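Undergrad: Protein chains in written order, with the numbering used here: chain A, 1 to 324; chain B, 1001 to 1529. Beta carbons are placed, not taken as given, at the ideal position from N, Cα and C, and that holds for glycine. Keep in mind that this is a model prediction, so the values were computed, not measured. Here it is, the structure, as structure tokens.
Take a look at the structure:
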């Protein structure tokens, strides 16, 4: 087990290293952020001065070496545009994104699994058909469009919910969260729904397919033969068996929700990390881009780990294997 | 202005609504007026001297002020300096406004000005470019608390314009402050109409009125500047009543907002001129070839007849009316109408495809040639559509044009690597001579000329006039010289001017805003109707 963990750690470190190299070289190839940031009246001397101040006049390998040394010392670099440590910018925005992504995932799971089960158990009923049509829409409609439509209907026409931004926050252990205020929830509802839609559709499909497959298995037949009620069959035989792939996918999707909620955050002007990434790419703010992607990779690694742990909880066979 | 009851979003009975409105009116009468504005650009830092980007300056100018100010038509007016004059060719004297106080109550003096003029060069790691505005300054002398003399390294008439971009910070608060001190409000102490209240990076800045401001008391005692770069979201927030006003109304929404009787739109010609730079220094510019893809004997852009033919081939009024949906004015000048040095006698080149073909034959290109037109697709109003339209119009007269549009970051990277030969740029400036210095003067690192003259156009006559203009501290003389230089550059088509953009604001019908040529959005200039 230990060697497995160590091997995994080494792989993760290698991934981080290669990715930072790629991003570094990629941003370098696009152009000089000073050209984008600097005031147009600036002359050549001023552009050169600013370029040198940011260390962008050095050869790429040297820039990377300086960055690498900084990372070993716990410093991921300072944003060119904001003059604030990149990691500060990211951490500052992380609570907003986390609460958006987790709320979206919660919506997707609490609706997706029951609806998927329902349509998997009675695939020919009109309810199942309706659910399937709606889930197709969830796949087909672009997030950008859905977000705008929700804004137009619920904010502009009906005036029920605010259009954009994040609501009032309260500090929970020093972290500003908006899910505990009414204003915050009102602001959260539309973006979280928009973000949840695709994942909801995915979970419905996944649960339905798993259920349909499980219903044909021998153990279901035996369980029925044993005289168990349909409810008991589903609850204690079907559900536990189909949950493993669902947890895997949900875990991965949660990672992508957190890291790439960019479109939704842009439409709803949600001050999260995705919006930060877009803004940083626009001005080639390399320290923030690199730090962001490094943080994202770390997040994925962490989520994968949690998913593995969840397997152990869900599947007795995994537990048994580990204790051997 | 926001009423204390924001129950608008909740389903309410009619009576409650009426009550709420009544209470709101009472509150408004008592001076509890709030203005909420949607800004279009990302604010990166609250330090007013860290980055000279328009979104940062928009926010900063609510809190800070500069010595010279500009009116909505970009003409200089007194700011923190009541008067200024050139004592001799190399010395400017600024008489500061008396009785002005910083937000903390400390008096504003010439020391703060001297400090603020020296500060841009000392900020660590700033890509800001504010240093360009104090480049001409040799030294500053504090004569007394309200008089400051600025010596320039050479006779320099544009100093009052340049100093408009240097916001005056409080020496006491700024001298040991880092960027986080500005973002947290600790060092955000200015003399301006609004004081720092709260800031959430990437989301909003909240301000309260400075009750001791020397200027005309603004109508709003609280201002919220929301940062909403996504166009549809900004419009939606205005339509829903969450915002009172927005800047940079998306061109597609203007018609609908105009039809909405609860809202109104105000517009003016912006200082941003959209132009096409042409490679005028390489014998074989990249992307240029004959119609079969073989190299041409010479660079066609160096021939004035070709440049003129290209200018004639472009239907500017069609671009302004259709592609830009009315948000443009055909251009013939280096600066927009009303800007210092604009020549109203110059008329935009009329659309004349036959004339263009004739000129091309005359120049030895009866079959035309091939070019690649590069430009950004996320910077200016409808920029990519403008590129496509220009390409089609040029192709119609035989110049087969391929478009390469890319995000500004990638596009600028290619320009700096000199991979483009025909490229679109937008430019805004207070004065024709300043524009000429950046766009038309031959690139010269020593003198700081032509940093944005991508085509390396060079014309000693234009340059000499421009130098005379910049060197004269007599404004009338300077404007005449700048106008002459700009006219000459345009007659020689140093670049091809396309249009001046139109900038627009949308707001509640009971608000008014004098549209500004420099595109700035200031809460204190909004007034109730």
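Would residue 1345 (chain B) be called buried (16 or more neighbouring beta carbons within 10 Å of its own) or exposed?
TA: Along the second chain, one-based indexing puts residue 1345 (chain B) at 345. With fewer than 16 other Cβ atoms within 10 Å, it is exposed.
Undergrad: Closest to residue 1329 (chain B) by C-alpha separation, out of B:1170, B:1524 and B:1499, would be which residue?
TA: What you label residue 1329 (chain B) is simply residue 329 of the second chain in a count that begins at 1. It is B:1499 whose Cα lies nearest to the Cα of residue 1329 (chain B).
Undergrad: By the criterion of Cβ-Cβ separation under 9 Å, what are the contact partners of residue 1194 (chain B) in chain A?
TA: Here the question's residue 1194 (chain B) lines up with position 194 in the second chain. Per Cβ cutoff of 9 Å: no residues; residue 1194 (chain B) is ~20 Å from chain A at best.
Undergrad: If you count every other CB in all the chains shown that lies within 10 Å of the CB of residue 1466 (chain B), and 16 or more means buried, which is it?
TA: Counting from one through the second chain, the residue named residue 1466 (chain B) turns up at place 466. Classification for residue 1466 (chain B): buried.
Undergrad: CA-CA distance, residue 268 (chain A) and residue 1342 (chain B)?
TA: Start at 1 with the first residue of the first chain, and residue 268 (chain A) comes out as number 268. Start at 1 with the first residue of the second chain, and residue 1342 (chain B) comes out as number 342. For residue 268 (chain A) and residue 1342 (chain B), the distance between alpha carbons rounds to 41 Å.
Undergrad: Quick one, which of B:1319, B:1289, B:1487 and B:1383 has its alpha-carbon nearest residue 1399 (chain B)'s?
TA: Here residue 1399 (chain B) refers to the residue found at position 399 of the second chain. Of the candidates B:1319, B:1289, B:1487 and B:1383, the one whose C-alpha sits nearest the C-alpha of residue 1399 (chain B) is B:1289.
Undergrad: Quick one: give me the first and last residue of the alpha helix (DSSP H) that residue 126 (chain A) is part of.
TA: For the purposes of this step, residue 126 (chain A) is taken as residue 126 along the first chain, with counting starting at 1. 126–140 is the span of the alpha helix (DSSP H), which, as asked, contains residue 126 (chain A).
Undergrad: Would you mind working out which of A:294, A:112 and A:90 sits nearest residue 21 (chain A), comparing C-alpha positions?
TA: The residue given as residue 21 (chain A) occupies position 21 in the first chain. When each option's Cα is compared against that of residue 21 (chain A), the closest is A:294.
Undergrad: Residues in the same chain with beta-carbon distance under 6 Å from residue 1038 (chain B), minus the five sequence neighbours each way, listed in chain order, please.
TA: The count along the second chain starts at 1 and reaches residue 1038 (chain B) at position 38. Result list for residue 1038 (chain B): 1226, 1228, 1234, 1237, 1243 and 1246, in chain order.
Undergrad: Taking 8 Å as the threshold, find out whether the stretch 110–129 of chain A comes into contact with the stretch 184–191 of chain A through three or more Cβ pairs.
TA: no
Undergrad: Tell me whether the beta-carbon of residue 1051 (chain B) lies closer than 8 Å to the beta-carbon of residue 1127 (chain B).
TA: Start at 1 with the first residue of the second chain, and residue 1051 (chain B) comes out as number 51. Start at 1 with the first residue of the second chain, and residue 1127 (chain B) comes out as number 127. It is a contact, given that the beta carbons lie within the stated cut-off.
Undergrad: At a Cβ cut of 9 Å, what residues of the stretch 1452–1465 of chain B count as close to chain E, listed as they run along the chain?
TA: No chain E appears in this structure, whose protein chains are A and B.
Undergrad: Using a beta-carbon distance below 8 Å, is residue 1375 (chain B) in contact with chain A?
TA: What you label residue 1375 (chain B) is simply residue 375 of the second chain in a count that begins at 1. Not an interface residue.
Undergrad: To the nearest angstrom, how far is the alpha carbon of residue 278 (chain A) from that of residue 1355 (chain B)?
TA: Numbered from its first residue, the first chain carries residue 278 (chain A) at position 278. Numbered from its first residue, the second chain carries residue 1355 (chain B) at position 355. Straight-line Cα distance between these residues: approximately 46 Å.
Undergrad: Specify, as a first and last residue, the run of the alpha helix (DSSP H) that residue 1264 (chain B) falls within.
TA: What you label residue 1264 (chain B) is simply residue 264 of the second chain in a count that begins at 1. DSSP places residue 1264 (chain B) outside any alpha helix (DSSP H); the residue lies instead in the beta strand (DSSP E), whose first and last residues are 1263–1278.
Undergrad: Suppose contacts are defined by Cβ-Cβ distances below 8 Å. Is residue 1375 (chain B) in contact with residue 1423 (chain B) by that definition?
TA: Here residue 1375 (chain B) refers to the residue found at position 375 when the second chain is read from its first residue. Here residue 1423 (chain B) refers to the residue found at position 423 when the second chain is read from its first residue. Contact flag set, yes.
Undergrad: Tell me where the alpha helix (DSSP H) around residue 201 (chain A) begins and ends.
TA: Here residue 201 (chain A) refers to the residue found at position 201 of the first chain. Per DSSP, residue 201 (chain A) is one residue of the alpha helix (DSSP H) stretching across 182–215.
Undergrad: Let me make sure I understand the geometry here. Which of A:34, A:211 and A:317 has the alpha-carbon closest to that of residue 1413 (chain B)?
TA: Within the second chain, residue 1413 (chain B) is the residue found at index 413, counting from 1. The shortest C-alpha separation from residue 1413 (chain B) is found at A:34.
Undergrad: So does the stretch 1165–1178 of chain B actually touch the stretch 234–242 of chain A, counting three or more Cβ pairs closer than 8 Å?
TA: no
Undergrad: From residue 1026 (chain B) to residue 1033 (chain B), what does the alpha carbon distance come to, in whole angstroms?
TA: Locating residue 1026 (chain B) in the second chain gives position 26, where the first residue counts as 1. Locating residue 1033 (chain B) in the second chain gives position 33, where the first residue counts as 1. In this prediction, residue 1026 (chain B) has a pLDDT of 41, which is less than 50 and means its spatial position is unreliable; what the coordinates show is noted afterwards. So the alpha carbons of these two residues sit roughly 11 Å apart.
Undergrad: For residue 1295 (chain B), decide whether its Cβ has a neighbour in chain A, counting only Cβ atoms nearer than 8 Å.
TA: Here residue 1295 (chain B) refers to the residue found at position 295 of the second chain. It does not; no Cβ of chain A falls within 8 Å.
Undergrad: Can you confirm whether residue 258 (chain A), when its beta carbon is compared against all beta carbons of chain B, has any partner nearer than 8 Å?
TA: Indexing the first chain from 1 puts residue 258 (chain A) at position 258. So, not an interface residue.
Undergrad: With residue 64 (chain A) as the anchor, note down where its beta strand (DSSP E) starts and where it stops.
TA: Residue mapping note: residue 64 (chain A) aligns to position 64 of the first chain, counting from 1. Run containing residue 64 (chain A): none in the beta strand (DSSP E); it sits in the alpha helix (DSSP H), 60–72.
Undergrad: Between residue 212 (chain A) and residue 23 (chain A), what straight-line distance do the alpha-carbon atoms span, to the nearest angstrom?
TA: Your numbering for residue 212 (chain A) matches position 212 in the first chain. Your numbering for residue 23 (chain A) matches position 23 in the first chain. Looking at the two C-alpha atoms, the distance is approximately 43 Å.
Undergrad: At which residues does the beta strand (DSSP E) containing residue 1385 (chain B) begin and terminate?
TA: Translated into the one-based positions of the second chain, residue 1385 (chain B) becomes position 385. Premise fails: residue 1385 (chain B) lies in the alpha helix (DSSP H), 1383–1396, not in any beta strand (DSSP E).
Undergrad: Checking contacts by CB at 8 Å: is residue 1179 (chain B) closer than that to chain A?
TA: Working through the second chain from its first residue, we reach residue 1179 (chain B) at position 179. Yes, residue 1179 (chain B) lies at the interface with chain A (some Cβ there is under 8 Å from its Cβ).
Undergrad: Using CA coordinates, which residue listed in B:1113, B:1159, B:1207 and B:1164 is at the minimum distance from residue 1144 (chain B)?
TA: Counted from its first residue, the second chain places residue 1144 (chain B) at position 144. The residue with the shortest Cα to Cα distance from residue 1144 (chain B) is B:1113.
Undergrad: In chain order, what residues of the same chain lie with their CB nearer than 6 Å to the CB of residue 1325 (chain B), ignoring the 5 residues before and after it?
TA: One-based indexing of the second chain puts residue 1325 (chain B) at position 325. Contacts found: 1251.
Undergrad: Residue 1412 (chain B) touches chain A at which residues, Cβ-Cβ below 7 Å?
TA: For the purposes of this step, residue 1412 (chain B) is taken as the residue at position 412 of the second chain. Simply 31, 35 and 36.
Undergrad: Tell me the DSSP secondary structure of residue 1453 (chain B) in three-state form.
TA: By one-based count along the second chain, residue 1453 (chain B) stands at place 453. Looking at residue 1453 (chain B) - three-state DSSP - the assignment turns out to be coil, as it is neither helix nor strand.
Undergrad: At a Cβ cut of 8 Å, what residues of the stretch 136–161 of chain A count as close to chain B, listed as they run along the chain?
TA: 148, 151, 152, 155, 156, 159, 160 and 161
Undergrad: Select from the stretch 1041–1054 of chain B all residues with a C-beta closer than 8 Å to any C-beta belonging to chain A, and list them in chain order.
TA: 1042, 1044, 1045, 1047, 1050, 1051, 1052 and 1053
Undergrad: What did DSSP end up calling residue 1065 (chain B) once you bin it into helix, strand or coil?
TA: Locating residue 1065 (chain B) in the second chain gives position 65, where the first residue counts as 1. If DSSP states are grouped into helix, strand and coil, residue 1065 (chain B) belongs with coil.
Undergrad: Taking three-plus beta-carbon pairs below 8 Å as touching, is the stretch 1449–1457 of chain B in contact with the stretch 1432–1439 of chain B?
TA: Yes: at least three Cβ pairs fall under 8 Å.
Undergrad: Could you confirm whether any beta carbon from chain B is found closer than 8 Å to the beta carbon of residue 57 (chain A)?
TA: Locating residue 57 (chain A) in the first chain gives position 57, counting from the first residue. Chain B, which has no Cβ nearer than 8 Å to the Cβ of residue 57 (chain A), makes this no.
Undergrad: Just grab the DSSP bridge partners of residue 1500 (chain B) for me.
TA: Within the second chain, the letter at position 500 stands for residue 1500 (chain B). According to DSSP, residue 1500 (chain B) bridges with B:1273 and B:1329.
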